[in-house]
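Participant:
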Amino acid sequence: MSIYTHVTVGTNDLAKARKFYDEVLGKLGFKRITDLGDNGSIWGIDKPSFFVLKPANGQPASVGNGVTVSFEAPNRAAIDAFHEAAIKAGGKDEGAAGPRSWTDNAYAAYARDLDGNKLAAYCFNAE
Numbered sequence: 002m003s004i005y006t007h008v009t010v011g012t013n014d015l016a017k018a019r020k021f022y023d024e025v026l027g028k029l030g031f032k033r034i035t036d037l038g039d040n041g042s043i044w045g046i047d048k049p050s051f052f053v054l055k056p057a058n059g060q061p062a063s064v065g066n067g068v069t070v071s072f073e074a075p076n077r078a079a080i081d082a083f084h085e086a087a088i089k090a091g092g093k094d095e096g097a098a099g100p101r102s103w104t105d106n107a108y109a110a111y112a113r114d115l116d117g118n119k120l121a122a123y124c125f126n127a128e
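Per our numbering, residue 2 is the first one in the sequence shown, and the count goes up by one each step.
1. Out of Asp-23, His-7, Leu-29 and Val-25, which has the shortest C-alpha to C-alpha gap to Ala-79?
2. With a cut-off of 8 Å on the beta carbons, I'd call Ala-112 and Gly-92 a contact; round off their distance for me.
3. Glu-128 lies in the beta strand (DSSP E); which residues open and close that run?
4. Val-53 bridges to which residues according to DSSP?
5. Just the Cα atoms here: how many angstroms apart are Leu-54 and Ser-71?
6. Classify Lys-32: buried if its beta carbon has 16 or more other beta carbons within 10 angstroms, exposed otherwise.
7. Would Trp-159 be called buried (16 or more neighbouring beta carbons within 10 Å of its own) or exposed?
8. Could you tell me whether the Cβ atoms of Thr-12 and Asp-94 are closer together than 7 Å?
9. Would you identify the three-state DSSP class for Lys-20, choosing helix, strand or coil?
10. Hey, Thr-9 and Phe-52 are a contact pair by Cβ (cut 8 Å); roughly how many whole angstroms apart?
11. CA-CA distance, Asn-40 and Tyr-123?
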């Protein structure tokens, strides 16, 4: 059992967000599961787990300071591909792919999406 049902980030440009996340999350094995009309889209592997939505209150989406959404990657090559795809799709580098020293076998990369949401991908498998 996981401890979360899903995570949501906001967007101010749904069309661009859909294109970005189709490309970037595709590198981790995620696919777009459904679109919610003009309100958002949902990605996942075998169930809905990551939502990108226009804010329900009608205000512009904004970034949470200190918030990072981190995805589990199947291997280190997927993390490399995730980071490369994020930058190529217009995202911002927030930490190149490589080992992380806080625990054994941690390998990760960080990027920001087109709205400034901070993303990471992690793998804890030995090289």
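Ideal Cβ placement from N, Cα and C applies to all residues, glycine included. Small disclaimer: the values here were computed from a predicted structure and weren't measured.
Facilitator: In short, the structure shows the following:
1. Position 78 of the sequence shown, counted from the first residue, corresponds to residue 79. Among Asp-23, His-7, Leu-29 and Val-25, the Cα nearest to that of Ala-79 belongs to Leu-29.
2. Sequence index remark: in the sequence shown, residue 112 carries index 111 (1-based). Sequence index remark: in the sequence shown, residue 92 carries index 91 (1-based). Contact flag correct, Cβ pair sits at about 4 Å.
3. For this step, residue 128 is matched to residue 127 along the sequence shown. That residue, Glu-128, is in no beta strand (DSSP E); it is neither H nor E in DSSP.
4. Locating residue 53 in the sequence shown gives position 52, where the first residue counts as 1. The bridge partners DSSP lists for Val-53 are Val-10 and Ser-42.
5. The sequence position of residue 54 within the sequence shown is 53, counting from 1. The sequence position of residue 71 within the sequence shown is 70, counting from 1. Straight-line measurement puts the Cα of Ser-71 at about 18 Å from the Cα of Leu-54.
6. The count along the sequence shown starts at 1 and reaches residue 32 at position 31. With a 10 Å radius around the Cβ and a threshold of 16 neighbouring Cβ atoms, Lys-32 comes out exposed.
7. Outside the modelled stretch of the chain, which goes from 2 to 128, sits residue 159, for which no answer is possible.
8. Counted from its first residue, the sequence shown places residue 12 at position 11. Counted from its first residue, the sequence shown places residue 94 at position 93. For Thr-12 and Asp-94, no; Cβs fall outside 7 Å.
9. Numbered from its first residue, the sequence shown carries residue 20 at position 19. Under the three-state reduction of DSSP output, Lys-20 falls in the helix class.
10. Indexing the sequence shown from 1 puts residue 9 at position 8. Indexing the sequence shown from 1 puts residue 52 at position 51. Confirmed, about 4 Å.
11. If you number the sequence shown from 1, residue 40 lands on position 39. If you number the sequence shown from 1, residue 123 lands on position 122. Distance between the alpha carbons of Asn-40 and Tyr-123: 29 Å.
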